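A.B. asks: Chains as they are written, first to last, in this note's numbering: chain A, 45 to 234; chain B, 773 to 957.
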Amino acid sequence: MKPRSPNVYYAMMAAKQRLRESSSWYPFPCLISFFLVLLLTAHVVLSTNPRAGHGASVLPLSGEEAEDSVIWFSVTSEEGKITVADNNRRIFSWSEEVQTIESLDAFVLHLKARVNEEIKSAALSKRIYQSQKRVVLAVDQKLKYRHFRPILYALAEAGISNYGFETINLYDENASALNDNASRLKTDNF
Amino acid sequence: MTYRWMTSRTKKKSSDLEWPIVIATIGILGLSVILGFGFRAVTMQSRYGVVSAEIPVVQAAVKDLGFHNFEETTYDSLKDNTTAVLMTLKGFYFGDLASFSSAIERNDNKFVVPHVDNIPRTGDLIVDLEKWQKNRTAKANIPRDNVLVFVPSGDIPMPIVIQVLAQLKEHGNYARVILGGGFAL
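#1: Between which two residues does the alpha helix (DSSP H) carrying ILE135 (chain A) extend?
#2: Nearest to ALA129 (chain A) by alpha carbon, out of A:SER139, A:VAL142, A:PHE151?
#3: Taking Cβ-Cβ distances below 7 Å as the criterion, which residues of the region 894–924 of chain B are in contact with chain A?
#4: Buried or exposed: where does LYS188 (chain A) fall if 16 or more other Cβ atoms within 10 Å of its Cβ makes it buried?
#5: With DSSP as the reference, label ALA198 (chain A) as helix, strand or coil.
#6: Give me the subset of the region 181–210 of chain A whose CB atoms are less than 9 Å from a CB atom of chain B, sorted by chain position.
#7: What residues of chain B sit near ALA96 (chain A), judged by a beta carbon separation below 9 Å?
#8: Need the endpoints of the beta strand (DSSP E) that LEU214 (chain A) sits in, please.
#9: Between GLN905 (chain B) and ARG916 (chain B), is the Cβ-Cβ spacing less than 7 Å?
#10: Hey, GLY208 (chain A) and VAL822 (chain B) are a contact pair by Cβ (cut 8 Å); roughly how many whole angstroms apart?
#11: Return the CA-CA distance between ILE115 (chain A) and GLU826 (chain B), expressed in angstroms with no decimal places.
#12: Going by DSSP, which residues form a beta bridge with ASP896 (chain B)?
#13: Does GLY99 (chain A) come within less than 7 Å of chain B when only Cβ atoms are used?
#14: Closest by CA to VAL949 (chain B), which one among B:ILE795, B:ASP848, B:TYR820?
#15: Do you know how far the Cα of ILE135 (chain A) is from the Cα of GLY944 (chain B)?
#16: Contact check, ASN853 (chain B) vs ILE914 (chain B) under 8 Å by CB: the rounded distance?
#17: Taking the Cβ atom as the reference point for each residue, do ASN117 (chain A) and LEU168 (chain A) lie within a distance shorter than 7 Å?
#18: Flag ALA938 (chain B) as yes if its beta-carbon sits less than 7 Å from any beta-carbon of chain A, otherwise no.
#19: When you compare only the Cα positions, how much space is there between SER874 (chain B) and ASP836 (chain B)?
#20: Since I believe ASP900 (chain B) is in contact with PHE883 (chain B) (beta carbons under 8 Å), could you give me their beta-carbon distance rounded to a whole number of angstroms?
#21: Show which residues of chain A have a CB atom less than 9 Å away from the CB atom of TYR820 (chain B).
#22: Which first and last residues belong to the beta strand (DSSP E) in which TYR820 (chain B) is found?
#23: Using only alpha-carbon positions, find the residue among A:GLU146, A:ILE126, A:SER147 that is nearest to GLU140 (chain A).
#24: Tell me, please, which residues DSSP counts as bridged to LYS188 (chain A).
#25: For ILE793 (chain B), return the contacting residues in chain A, with the cut-off set at a CB-CB distance below 8 Å.
#26: Anything in chain A within Cβ reach of GLY953 (chain B), meaning under 9 Å, just list it in chain order.
#27: Going by the CB atoms, is the gap between VAL885 (chain B) and GLY863 (chain B) shorter than 7 Å?
#28: Using a Cβ cut-off of 7 Å (strictly closer), state whether SER874 (chain B) contacts chain A.
#29: So with CB distances below 8 Å, who are the chain B contacts of PHE78 (chain A)?
#30: With DSSP as the reference, please indicate the residues paired to ILE891 (chain B) in a beta bridge.
#31: I want to see whether chain A comes within less than 7 Å of ILE827 (chain B), judged by CB atoms only; does it?
#32: Output the distance between the C-alpha atoms of MET178 (chain A) and ASN206 (chain A), rounded to the nearest integer angstrom.
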């Protein structure tokens, strides 16, 4: 049966021709949806816990039980550089041999901005929580005190007086054994 | 174009193995990434604690424009006789702040608790600190301080710094432990 309109006829012929050739585009809709699922999973996992995706291995030590802090940083060292990442995924890095506080200007500015945000939030809600006053640092166990010292100066520069070190709080039955292990840490093990 | 011809054409398309291999590889990689995220989320520790420390602040008078009778009070302050503990790779050195600053040349105002086999003896340090403070209170009438300045040297690993800090707070009964940047020795 031949269509009356030549345009419809040509369209049908084109469609036939297209169907005769093997198509190379058909996996792409599947791939797009697959990658969207991948992105969604990553986003859900990373936003559920700020610690996911950070490489800092913190000390197992039963410290005081604390709520999650609003301002949280992980501090790690890689290839001669100190890397600090916060819970908003902002990353700062500087050399391990940093000498001046000016090298940490970007980090200090960021700290000041975060503190100002918390002050505004506390003023608007007319209440302040302990978690808003304290900066919590998840410091990697491989670091030495000289690596941490510039961060201490940066905290002071940003007007932060209350900070703490994150530890892994152990379950009671394991706490004593792991705390014993922790107490056997030697200064020459690192 | 017969129906048989179309069927054979579809079979030919289905037997083209180029795309299925690529898709299977990407699928396996993607699935392993998703599973990796999942395992990470499941195996992550859920209970965290905090060992707190402080940075001393300078008191500044705030203008009370609203006349709310706002007043900032001082809880503790650092003085010459505030307890200071230095930690080096060899041992702990303790005394008051003056003994590591204005009176550093004197050798009768500092005390040492050496490490044994590179293990810090924090328990002995706490006991010695307590004895020293009691002695100081009896002899010089200096009251026991709740503030301690702790200054580790740069080579001390952070886990040890955190652990000593926690023990000083927990067993040494120091309400405020201040991590120092360094002494000009």
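Just so you know, even glycine gets a beta-carbon here, dropped at the ideal spot from N, CA and C.
Quick caveat: nothing in here was measured; it's all calculated off a predicted structure.
C.D. replies: Let's see:
#1: It is not in any alpha helix (DSSP H) - ILE135 (chain A) instead sits in the beta strand (DSSP E) that spans 135–139.
#2: A:PHE151
#3: PRO924
#4: buried
#5: helix
#6: ALA182, VAL183, ASP184, GLN185, LYS186, LEU187, LYS188, TYR189, ARG190, HIS191, PHE192, ARG193, LEU196, TYR197, LEU199, ALA200, GLY203, ILE204, SER205, ASN206, TYR207, GLY208, PHE209, GLU210
#7: PHE809, ARG812, ALA813, MET816
#8: No beta strand (DSSP E) holds LEU214 (chain A); DSSP gives it neither H nor E.
#9: Remark: C-beta atoms of GLN905 (chain B) and ARG916 (chain B) approach each other more closely than 7 Å.
#10: 4 Å
#11: 16 Å
#12: Bridge partners of ASP896 (chain B): none, in fact.
#13: no
#14: Shortest Cα-Cα distance from VAL949 (chain B) to any of B:ILE795, B:ASP848, B:TYR820 involves B:ASP848.
#15: In this structure, the straight-line span from the alpha carbon of GLY944 (chain B) to that of ILE135 (chain A) is close to 37 Å.
#16: With 8 Å as the limit, ASN853 (chain B) and ILE914 (chain B) qualify as a contact, their Cβ atoms being about 5 Å apart.
#17: Sequence check: residue 117 (chain A) is Phe here, not Asn. No; because the gap between Cβ atoms is not below 7 Å, this pair is not in contact.
#18: yes
#19: Rounded to whole angstroms, SER874 (chain B) to ASP836 (chain B) spans 38 Å at the Cα level.
#20: 7 Å
#21: Going along chain A in sequence order, the residues near TYR820 (chain B) (Cβ under 9 Å) are ARG95, VAL102, GLY107, GLU109, ALA110, ASP112, VAL180, ALA182, GLU210, THR211, ILE212, ASN213.
#22: Run containing TYR820 (chain B): 820–826, per the beta strand (DSSP E) assignment.
#23: A:ILE126
#24: Answer is B:PRO929.
#25: Result: empty, since nearest Cβ-Cβ is about 11 Å, beyond 8 Å.
#26: Within chain A, the residues near GLY953 (chain B) are ARG193, LEU196, TYR197, ALA200.
#27: yes
#28: no
#29: ILE798, GLY799, GLY802
#30: B:VAL888
#31: yes
#32: The question names Met, but residue 178 (chain A) is Arg in the sequence shown. Approximately 5 Å, taken between the alpha carbons.
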